[in-house]
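Going by our numbering, the final residue of the sequence shown carries number 451, and the count climbs one at a time with no gaps.
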Amino acid sequence: MTDTKTFLLPDLGEGLPDATIVEWAVKVGDTIRLDDTLVSMETAKAVVEVPSPVSGKVLKLAGAAGDIVVTGTMLAEFELDPSQPQRADGQDTGHHHGGGHAAPAAPAPQAEAAPAKAVEAERADSGTVVGAMQSSDAVRSEQAVAVGGVKAMPAVRALARKLGVDLSRVRATGSDGVVTSDDVKRAAADGSAVAGAEPAPRAADRAPAAAAAPAAAPARSALSASGRPMRTQPPGVSVSGQPEQLKGVRRNMARVMADAHAKVVPTTLSDDADIHAWAPGNDITGRLVRAIVAGCKAVPALNAWFDGDKLTRTLHPHVDIGIAVDTDDGLFVPALRNADVLDARGVREAVNRLRAQVEDRSIPASELSGYTISLSNFGMFAGRYATPVIVPPTVAIVAAGKGRHQMTPVMGGFESHKVIPLSLTFDHRACTGGEAARFLKAMLDDLARPM
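Structure follows, in structure tokens:
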């Protein structure tokens, strides 16, 4: 009787409940060797390469690109090849949840096996974060893998699917002929490598079909033909959109935000930082970072972690600031390490590096956690004040709004001064209102300095 092996999806991070299939390196019927790349999986923080735990023939795969696989359920099933090397029993790759490991010769259970789908099936969602995952020796750091004769990292392949780019037609500029994310973006911009297999229709192409739809809703207008106001239909009358399954970063963001909202007792203080005295050349992000450091030194209570279950507080001697970075795939918060010892140039270089790593999805997972306080500079887009969410175990987050000019009384008269709106949200379980006010005052004083 032929031996089979059911491979369960291991925990690819710190207790992550699931992962999303980015791309299979094999299809049903292929043969694979021990430790060859089996699949690329996207977690909440990274895209990782999952190697094959055996040598043999692929019998089943859990799904297609874009499908979500729950940790501990079937990822793939193999027919073992006794003539090829196999992993020792004690080195099983899968993290089996529950009972002990099944013997290699035992038939694999079929109850959890999902129907195998065509690997060519692709979905629009391809948001990824890449990096080395420090979890299991079975999971490797991301690297460029040749699939279909093209070398590219999983995140780059996901980006190509998202932009409708055929990787085989992209000119590779990376070392050893690796296609980079910049290569894909250039190809998408100039249209030189449009995917030929039934590309997604553009909005203009979809317009005739939409007009011919039997139940198409008439275009709504706030004015009637006579120019008089008319009552429009509420948006719930006709629903044409389809539910979209959240994956990867957005999926994790939804979980984290809901959990934080349920645990934290947030309170927000707001004020305007007068930056009229700033000398030319001041870097707003650098000055905000320096001001947060000044606040942390003046009031260490806000540079802390709080354990709500044990009711313990940990004050940190160093300042690691989580810098919120907005992307199409969701929110990333990389850590600006040792901000308290960096000068203005060091802060700018570090922030640029973190943003670039987030942009090209090369940010290590270890850099997306462990910060002691957070900064959200949403004012680069719009808005004045906010109540951003505090993610435990941190106890405070600073939000900077869009700068503006306001009339300020000076020596019996008035001057137009530029100000930056600041919002300080803190966890009232761990900090008092007085501590938060003194922290904000220290920030305002530092930002008022010319340099």
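A virtual CB, placed ideally from N, CA and C, is assigned to each residue, including glycine. Quick caveat: nothing in here was measured; it's all calculated off a predicted structure.
Open item on the list: Can you find the residues in the same chain that come closer than 7 Å, C-beta to C-beta, to residue 344, ignoring five residues on each side of it along the sequence?
Closed with: Sequence index remark: in the sequence shown, residue 344 carries index 344 (1-based). So the list reads 283 and 286, once near-sequence residues are dropped.
Task: CB of residue 296 within 8 Å of CB of residue 373, strictly - done: As a first step, residue 296 must be located in the sequence shown, where it is residue number 296. As a first step, residue 373 must be located in the sequence shown, where it is residue number 373. Yes, these two residues count as a Cβ contact at 8 Å.
- [ ] For residue 257, collect the residues of the same chain with a Cβ closer than 7 Å to its Cβ; drop the 5 residues on either side in sequence, then sort them by chain order.
- [x] Counting from one through the sequence shown, the residue named residue 257 turns up at place 257. If we look at residue 257 and ignore the five residues flanking it on each side, its Cβ neighbours are 389.
Task: Neighbourhood of residue 360 by C-beta, 7 Å cutoff - its chain only, sequence neighbours within 5 removed - done: Counting from one through the sequence shown, the residue named residue 360 turns up at place 360. Taken in chain order, the residues that qualify are 181.
Open item on the list: Going by DSSP in three states, residue 421 sits in which element: helix, strand or coil?
Closed with: Mapped onto the sequence shown, residue 421 falls at position 421. In this structure, residue 421 counts as strand in the three-state DSSP scheme.
Open item on the list: In the DSSP output, which residue or residues are listed as bridge partners for residue 288?
Closed with: Here residue 288 is taken as the residue at index 288 of the sequence shown, counted from 1. According to the DSSP secondary-structure assignment, residue 288 is paired through a beta bridge with no residue.
Open item on the list: Please tell me whether residue 65 and residue 74 are closer than 8 Å, where the distance is taken between their beta carbons.
Closed with: Your numbering for residue 65 matches position 65 in the sequence shown. Your numbering for residue 74 matches position 74 in the sequence shown. Taking a C-beta distance under 8 Å as the contact criterion, residue 65 and residue 74 do not qualify as a contact pair.
TODO: Taking only heavy atoms of the ligand FAD into account, decide whether any of them is closer than 7 Å to the Cβ of residue 398.
DONE: The ligand content of the structure shown is nil, which means the ligand FAD is not present either.
Task: Same chain, Cβ closer than 8 Å to residue 445, five either side skipped, listed in chain order - done: Indexing the sequence shown from 1 puts residue 445 at position 445. Answer for residue 445: 294, listed in chain order.
Task: Expected contact under 8 Å - CB spacing of residue 401 and residue 378 to nearest Å - done: What you label residue 401 is simply residue 401 of the sequence shown in a count that begins at 1. What you label residue 378 is simply residue 378 of the sequence shown in a count that begins at 1. Right, the Cβ-Cβ distance comes to about 7 Å (below 8 Å), so this counts as a contact.
TODO: Under 8 Å by Cβ, that's how I've got residue 299 and residue 435 pegged, so tell me the actual separation to the nearest angstrom.
DONE: Here residue 299 is taken as the residue at index 299 of the sequence shown, counted from 1. Here residue 435 is taken as the residue at index 435 of the sequence shown, counted from 1. Confirmed, about 5 Å.
Task: Inter-stretch contact at 8 Å, needing at least 3 Cβ pairs: the region 53 to 62 / the region 27 to 45 - done: Enough Cβ pairs lie closer than 8 Å, so yes.
- [ ] State the start and end residues of the unbroken beta strand (DSSP E) segment that holds residue 23.
- [x] The sequence position of residue 23 within the sequence shown is 23, counting from 1. From DSSP, the beta strand (DSSP E) with residue 23 extends over 18 to 24.
Task: Proximity of residue 156 and residue 194 at Cβ, strictly below 8 Å - done: Taking the sequence shown and counting its residues from 1, one reaches residue 156 at position 156. Taking the sequence shown and counting its residues from 1, one reaches residue 194 at position 194. Between residue 156 and residue 194, the C-beta gap is not smaller than 8 Å, which leaves the two residues out of contact.
- [ ] Mind listing, in chain order, the continuous beta strand (DSSP E) runs of no fewer than 3 residues lying wholly within the region 300 to 325?
- [x] Here the runs fully enclosed are 304 to 307, 312 to 315 and 321 to 323.
- [ ] Please report how far the alpha carbon of residue 245 lies from the alpha carbon of residue 411, in whole angstroms.
- [x] Within the sequence shown, residue 245 is the residue found at index 245, counting from 1. Within the sequence shown, residue 411 is the residue found at index 411, counting from 1. Looking at the two C-alpha atoms, the distance is approximately 59 Å.
Open item on the list: Please report the distance separating the alpha-carbon of residue 42 from that of residue 176.
Closed with: What you label residue 42 is simply residue 42 of the sequence shown in a count that begins at 1. What you label residue 176 is simply residue 176 of the sequence shown in a count that begins at 1. Cα to Cα, residue 42 sits roughly 25 Å from residue 176.
- [ ] Count the other CB atoms, across all protein chains shown, that sit within 10 Å of the CB of residue 380; report buried if there are 16 or more and exposed otherwise.
- [x] Position 380 of the sequence shown, counted from the first residue, corresponds to residue 380. Under this definition residue 380 is an exposed residue.
- [ ] Tell whether a beta-carbon distance below 8 Å holds between residue 292 and residue 334.
- [x] Numbered from 1 along the sequence shown, position 292 holds the residue referred to as residue 292. Numbered from 1 along the sequence shown, position 334 holds the residue referred to as residue 334. No, Cβ-Cβ distance for residue 292 and residue 334 is not below 8 Å.
- [ ] Could you have a look at residue 438 and say whether DSSP puts it in helix, strand or coil?
- [x] Taking the sequence shown and counting its residues from 1, the one referred to as residue 438 is at position 438. Collapsing the DSSP output to three states places residue 438 in a helix.
TODO: Can you tell me the Cβ-Cβ gap for residue 393 and residue 332, rounded? I've got them flagged as a contact below 8 Å.
DONE: As a first step, residue 393 must be located in the sequence shown, where it is residue number 393. As a first step, residue 332 must be located in the sequence shown, where it is residue number 332. Rounded to whole angstroms, the Cβ separation of residue 393 and residue 332 is 19 Å, and the two are not in contact under 8 Å.
TODO: Classify residue 241 as buried or exposed, calling it buried when 16 or more other Cβ atoms lie within 10 Å of its own Cβ.
DONE: Locating residue 241 in the sequence shown gives position 241, where the first residue counts as 1. Flag for residue 241 reads exposed.
TODO: Express the C-alpha separation of residue 433 and residue 290 in angstroms, rounding to a whole number.
DONE: Taking the sequence shown and counting its residues from 1, the one referred to as residue 290 is at position 290. Taking the sequence shown and counting its residues from 1, the one referred to as residue 433 is at position 433. Approximately 22 Å between the Cα atoms of the pair.
TODO: Have a look at the DSSP bridge pairing and note the partners of residue 48.
DONE: Residue mapping note: residue 48 aligns to position 48 of the sequence shown, counting from 1. The partner list for residue 48 (beta bridge, DSSP) reads 41.
TODO: Measure the C-alpha to C-alpha separation of residue 355 and residue 325 and round it to an integer number of angstroms.
DONE: As a working mapping, residue 355 is identified with position 355 in the sequence shown. As a working mapping, residue 325 is identified with position 325 in the sequence shown. The C-alpha of residue 325 is placed about 7 Å away from the C-alpha of residue 355.
Open item on the list: In whole angstroms, give me the CA-to-CA distance for residue 18 and residue 255.
Closed with: Start at 1 with the first residue of the sequence shown, and residue 18 comes out as number 18. Start at 1 with the first residue of the sequence shown, and residue 255 comes out as number 255. About 12 Å.
TODO: Between the Cα of residue 276 and those of 424, 322 and 451, spot the shortest distance and give me the residue it belongs to.
DONE: One-based indexing of the sequence shown puts residue 276 at position 276. With distances taken between Cα atoms, residue 276 lies closest to 451.
Task: Contacting residues, own chain, Cβ-Cβ under 6 Å from residue 376 (five flanking each side not counted) - done: On the sequence shown, residue 376 is found 376 positions in, with the first residue counted as 1. Correct list, in chain order: 324, 388 and 399.
Open item on the list: Measuring only the C-alpha atoms, how far is residue 395 from residue 281?
Closed with: By 1-based counting over the sequence shown, the position of residue 395 is 395. By 1-based counting over the sequence shown, the position of residue 281 is 281. So the alpha carbons of these two residues sit roughly 32 Å apart.
Task: Three-state class that DSSP yields for residue 213 in the structure shown - done: Position 213 of the sequence shown, counted from the start, is the residue given in the question as residue 213. Because the pLDDT at residue 213 is just 46, under 50, the model does not fix this residue reliably, and the value given afterwards should be weighed accordingly. In the structure shown, residue 213 sits in coil (DSSP, three-state: anything other than H, G, I, E or B).
Open item on the list: Assuming residue 25 and residue 48 are in contact, meaning their beta carbons sit under 8 Å apart, how far apart are those beta carbons, in whole angstroms?
Closed with: The residue given as residue 25 occupies position 25 in the sequence shown. The residue given as residue 48 occupies position 48 in the sequence shown. Contact doesn't hold; Cβ gap of about 13 Å is too wide.
Open item on the list: One question on the structure: do residue 303 and residue 288 come within less than 8 Å of each other, judged by their Cβ atoms?
Closed with: Here residue 303 corresponds to residue number 303 of the sequence shown, with the count starting at 1. Here residue 288 corresponds to residue number 288 of the sequence shown, with the count starting at 1. The answer is no: Cβ separation not under 8 Å.
Task: residue 8 - containing alpha helix (DSSP H), residue span - done: Here the question's residue 8 lines up with position 8 in the sequence shown. Residue 8 -> not in any alpha helix (DSSP H); beta strand (DSSP E) instead, spanning 4 to 8.
Open item on the list: Would residue 2 and residue 79 qualify as a contact pair, given that the criterion is a beta-carbon distance under 8 Å?
Closed with: Here residue 2 is taken as the residue at index 2 of the sequence shown, counted from 1. Here residue 79 is taken as the residue at index 79 of the sequence shown, counted from 1. Yes.
Open item on the list: From the DSSP secondary-structure annotation, give me the bridge partner or partners of residue 268.
Closed with: The residue labelled residue 268 in the question sits at position 268 within the sequence shown. DSSP, once it has assigned bridges, lists 425 as partnering residue 268.
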